[in-house]
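Per my numbering, the very first residue in the sequence shown carries number 27; after that it's consecutive.
Take a look at the structure below.
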Amino acid sequence: MNKKVSITELMTETAVLTIGLTFYYWCWVRTDWKESYTYIQNAVAGGIICFICLISYRIRKFRKEPVDELARANLKRSDSICLKIFATVMVLTAFIGGTLGHVANTASFMGWLIMISLIIISILRIIIFKVMDQKGV
Numbered sequence: 027m028n029k030k031v032s033i034t035e036l037m038t039e040t041a042v043l044t045i046g047l048t049f050y051y052w053c054w055v056r057t058d059w060k061e062s063y064t065y066i067q068n069a070v071a072g073g074i075i076c077f078i079c080l081i082s083y084r085i086r087k088f089r090k091e092p093v094d095e096l097a098r099a100n101l102k103r104s105d106s107i108c109l110k111i112f113a114t115v116m117v118l119t120a121f122i123g124g125t126l127g128h129v130a131n132t133a134s135f136m137g138w139l140i141m142i143s144l145i146i147i148s149i150l151r152i153i154i155f156k157v158m159d160q161k162g163v
């Protein structure tokens, strides 16, 4: 139980949390309704809350460990790259919503585009970090 928590594990947990939040988003935006959806939605919300508590415990444990300066520098670099990519995607989403908003209702399209881009960015963040960490940049 005294195993160290790595940055990669924390990043993977964040990606899993993003997927869980996307599933919860689906619970709210679907157009049909069945009685069992209430139970599914509550179970997903409870699971997300428990997972957030687990992540916060692991982050506290991670902060007590010795600092790996190279890994933290690589994390900052990968975060800055992903932030630039995400900002570009969000600007494109805003332009698409602005132009297509006159033609059709694009609110659900924009919501799904945001959620899918969050998943892709969280996975891309892990990949960029692993490549930088392996090369020792």
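Glycine included, each C-beta is placed from N, C-alpha and C at the ideal position.
Buried or exposed (CB count within 10 angstroms, at least 16 for buried), residue i
i, result
"Asp58", "exposed"
"Leu101", "buried"
"Ser134", "exposed"
"Ser106", "exposed"
"Ser104", "buried"
Close Cβ partners of residue i (< 7 angstroms) along its chain, the five nearest in sequence each way excluded
i, result
"Ala41", "Ser148, Ile149 and Ile152"
"Gln67", "Cys53"
"Phe77", "Leu43 and Gly46"
Rounded distance between the beta-carbons of residue j and residue i, thought under 8 angstroms
i, j, result
"Ala71", "Tyr50", "6 angstroms"
"Tyr63", "Cys53", "7 angstroms"
"Met141", "Thr48", "5 angstroms"
"Thr119", "Leu139", "5 angstroms"
Close-in-space but distant-in-sequence residues of the same chain around residue i (CB under 8 angstroms, 5 per side omitted)
i, result
"Ile81", "Leu36, Glu39, Thr40 and Leu43"
First and last residue of the uninterrupted alpha helix (DSSP H) at residue i
i, result
"Asp100", "Just to set this straight, residue 100 is Asn in the shown sequence, not Asp. First-last of the alpha helix (DSSP H) with Asn100: Glu95 to Leu126."
"Val70", "Ser62 to Arg89"
"Trp59", "Segment: none, Trp59 is in no alpha helix (DSSP H) and carries neither H nor E."
"Ala133", "Ala133 to Lys161"
Residue i versus residue j: straight-line alpha-carbon distance, rounded
i, j, result
"Ile145", "Cys108", "12 angstroms"
"Phe121", "His128", "12 angstroms"
"Pro92", "Asn28", "14 angstroms"
"Ile111", "Gly162", "23 angstroms"
"Leu96", "Val31", "16 angstroms"
"Phe88", "Val117", "34 angstroms"
"Phe155", "Ile85", "18 angstroms"
"Asp94", "Val157", "16 angstroms"
"Thr125", "Arg56", "24 angstroms"
"Lys90", "Arg98", "14 angstroms"
Same chain only: Cβ atoms within 6 angstroms of residue i, ignoring 5 sequence neighbours per side
i, result
"Tyr83", "none"
"Gln160", "none"
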